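Each remark here refers to the structure printed beneath this line.
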Amino acid sequence: MFVLVFLSVVGLFFVIGLFGYQRLFNPIKQNNEAVLQDSVVQVENYLKTFMNNIQGLLMLLSNPIINDSLGKEDIARLLETMMIQHREEFEAIYLIEGETISSSSPFSYPFFVPEKQVADIVRQMSGDSGVWWSPPYQSGGRQSLSVAKRIDAKRIIVFDLNLSSLTGPSVVQNKEKAVFLFTGPGQPIAFNMPLTSLTAIKEYESIVSQLQSLTAASQMSYDRVHTETAAYKVLRSDQNRWNWVVFSIVKESEAYPLLTLLEQQMVVVLLVAIILAAFLSMWIARYIQVPVSAITQQMKAGARGALNVRVSLKRNDEFAYIADAFNRMMDSIQTLFDDLRLVEEKKRQLELKALQSQIHPHFLHNTLSAIYCLDQAGRAAEMAGMLRALTGLLQYSTDKTGDIVTVEEELRQLEQYDVLMKLRYGDVFRLDLVVRDESLVAPIPKLTLITLVENSIFYGLGTGETNHIIVAGMASNEGGTLLEVSDTGPGVDPSKLSCLLAGVPSLGRHKGLNNLGLRNIHERIRLHFGESYGLSFPEESEEGLLVCVRLPEPDGPEACQVKSEGGREAC
Numbered sequence: 147m148f149v150l151v152f153l154s155v156v157g158l159f160f161v162i163g164l165f166g167y168q169r170l171f172n173p174i175k176q177n178n179e180a181v182l183q184d185s186v187v188q189v190e191n192y193l194k195t196f197m198n199n200i201q202g203l204l205m206l207l208s209n210p211i212i213n214d215s216l217g218k219e220d221i222a223r224l225l226e227t228m229m230i231q232h233r234e235e236f237e238a239i240y241l242i243e244g245e246t247i248s249s250s251s252p253f254s255y256p257f258f259v260p261e262k263q264v265a266d267i268v269r270q271m272s273g274d275s276g277v278w279w280s281p282p283y284q285s286g287g288r289q290s291l292s293v294a295k296r297i298d299a300k301r302i303i304v305f306d307l308n309l310s311s312l313t314g315p316s317v318v319q320n321k322e323k324a325v326f327l328f329t330g331p332g333q334p335i336a337f338n339m340p341l342t343s344l345t346a347i348k349e350y351e352s353i354v355s356q357l358q359s360l361t362a363a364s365q366m367s368y369d370r371v372h373t374e375t376a377a378y379k380v381l382r383s384d385q386n387r388w389n390w391v392v393f394s395i396v397k398e399s400e401a402y403p404l405l406t407l408l409e410q411q412m413v414v415v416l417l418v419a420i421i422l423a424a425f426l427s428m429w430i431a432r433y434i435q436v437p438v439s440a441i442t443q444q445m446k447a448g449a450r451g452a453l454n455v456r457v458s459l460k461r462n463d464e465f466a467y468i469a470d471a472f473n474r475m476m477d478s479i480q481t482l483f484d485d486l487r488l489v490e491e492k493k494r495q496l497e498l499k500a501l502q503s504q505i506h507p508h509f510l511h512n513t514l515s516a517i518y519c520l521d522q523a524g525r526a527a528e529m530a531g532m533l534r535a536l537t538g539l540l541q542y543s544t545d546k547t548g549d550i551v552t553v554e555e556e557l558r559q560l561e562q563y564d565v566l567m568k569l570r571y572g573d574v575f576r577l578d579l580v581v582r583d584e585s586l587v588a589p590i591p592k593l594t595l596i597t598l599v600e601n602s603i604f605y606g607l608g609t610g611e612t613n614h615i616i617v618a619g620m621a622s623n624e625g626g627t628l629l630e631v632s633d634t635g636p637g638v639d640p641s642k643l644s645c646l647l648a649g650v651p652s653l654g655r656h657k658g659l660n661n662l663g664l665r666n667i668h669e670r671i672r673l674h675f676g677e678s679y680g681l682s683f684p685e686e687s688e689e690g691l692l693v694c695v696r697l698p699e700p701d702g703p704e705a706c707q708v709k710s711e712g713g714r715e716a717c
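If you use the numbering used here, the sequence shown closes out at 717, no skipped numbers anywhere.
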């Protein structure tokens, strides 16, 4: 019964569709041929209008009264204005005086016009006051045509026309129809067939060779051309003053789009009948496919690392049991990953504390050594200020609020450290701070700048000259904040710069450098902010040592702040 009903419905729709197709075939065919003819008429009408407009413009520009009343600059502006208004149809407009071009638009056009072409125009216009039309010729890879009109005995106005505009989208609005324009003897002038591939070029060459043989046919006629890939229906017309031949062609498979649409609709009707008959089978397949696809999709997402995916099925069968088991498995995996993340975070915090604990004893040792040297030198009066500065620095370094502070806070403590070292070493060094305001709010581990300045002070001792230390800060071109600590100390051999962060115990004669402190700062920054941040040593510094500190990008106003021993000034 199911097979009988299925075949009956399909057969009924087929008979109705075939009867309707036979009744509609002839009217639709006639209508489509009229549409094909319209594309030819469009080009013919445009050619007539185009020729009339060209002659009207020539009559205007060749009027001696108008030309005599205008200066050379006025004529140049007039030509330029007219060229702008007709930039699609014209390649150039120029004025010939004697045998040379005196004015043109575009301005540089005379440099590209062969002298022979100008001489031919002058020869053709000798003693002729009418409008002269040249045969089509190649210019810059496309077909052109020159139109000339004599103004007086010495002057000739010339239009160079772009013939490809005659079949452009503004003329031929039906993109499915290809239009070809030929001269009466069969020379191709223009076409709108896109040549986007080697196959299209071969198709074009085959069509042109066949259309050339049809140029001598009757005034308006239908014909056909055949290529390797398709057959075309052709309509020919030559109803224009130039006796040019217009061909409108369309693939025979596309010549009757309404019939094609009707055939497609018949197929759709048959498909609907088949779909109705097969609906039950599709429903059963969907009942199974939907849950399987949902479970498979979430499993693939989980395999890619998305641990938050879950399967949601509103049903109570075996598929729901599988989905529930998958969800429980993903919950267990998520819990394991969360526990592992907590363990890694605790491990990272312990590493940070270990690195910070290495810096504190070293910093305290250097400071107490400085106080001891003051006592031995009999400068007990200066020890009070030094102890006061040391107390503030110790409170800052051991503060339990966290290991990360702003650059502004670090600079404030660096100024205290500067006071401390000045009491111990006097004028053997000079410290200047030049930091932009947007960099002051950048995060930085404690004692970073203090340790870098301390290295610059100690490794520069004994040179006999004042070590000028500069701390600068600005936004980095690569994103984030860039701090630079530079000095005028003895410098370091470029080949040994990589050792400063590699844990090498000594760098020859520069024993004041604290490799351990530099490496600890580098590791603390990387542990806090990521592998793309930390210390680096550019090799292009001319003297002393330059240390760059890369930090995350802060949020702050775009202003400049200069800090120095003498105070603070806004740029």
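We treat Cβ as the ideally placed atom computed from N, Cα and C, and that holds for glycine. The model shown is predicted, which means the values in this text are computed figures rather than measured ones.
Start and end residues, beta strand (DSSP E) containing D369:
367-372
Go through its chain and collect everything with a Cβ distance to R118's Cβ below 6 Å, but skip five positions before and after it.
Here the chain comprises residues numbered 147 to 717, so residue 118 is not present and cannot be evaluated.
Where V695 falls: helix, strand or coil (DSSP)
When DSSP states are grouped into helix, strand and coil, V695 belongs to the strand group.
Throw me the rounded Cβ distance for the T634 and E689 pair, which I believe falls under 8 Å.
6 Å
Give me the Cα-Cα distance between M228 and E235, rounded to the nearest whole angstrom.
Taking the straight line joining both Cα atoms gives about 11 Å.
Going by DSSP in three states, K379 sits in which element: helix, strand or coil?
strand
Looking at C-alpha atoms only, which residue of P698, K348, S383, A238 is the closest neighbour of A363?
S383
Could you tell me the alpha carbon to alpha carbon distance between R456 and L488, rounded to whole angstroms?
23 Å
By DSSP, does T195 sit in helix, in strand, or in coil?
helix
When the distance is taken between beta carbons, is E528 closer than 7 Å to L569?
yes
Runs of alpha helix (DSSP H) wholly within the region 557-603 (minimum 4 residues, chain order):
583-586
Note down the Cα distance separating L681 from D564, rounded to an integer number of angstroms.
Using only the alpha carbons, I get a separation of about 22 Å.
Using CA coordinates, which residue listed in I603, E556, N613 is at the minimum distance from P589?
E556
Distance, Q201 Cα to A294 Cα:
9 Å
My output table needs one value for S251: the three-state DSSP class, helix, strand or coil.
Note: S251 maps to strand in three-state DSSP.
Using DSSP bridges, identify the partner residues of W278.
A294
What does the alpha-carbon distance come out to for the pair R582 and L607?
29 Å
Three-pair Cβ contact test at 8 Å for the region 384-401 versus the region 409-420
no
Using CA atoms only, rank isn't needed, just tell me which of W278, R269, R301, Y255 is closest to S285.
Y255
So, with DSSP's three-state summary, where would you put A621?
strand
Give me the Cα-Cα distance between N666 and K592, rounded to the nearest whole angstrom.
12 Å
Of the listed residues E611, P282, D521, N454, nearest to M476 (C-alpha basis):
N454
Determine, using beta carbons only, whether L577 and I517 come nearer to each other than 7 Å.
No, they are not a contact pair.
Cβ distance (whole Å) where F337 is taken to contact L327 below 8 Å:
The pair is a contact, with the Cβ atoms about 7 Å apart (cut-off 8 Å).
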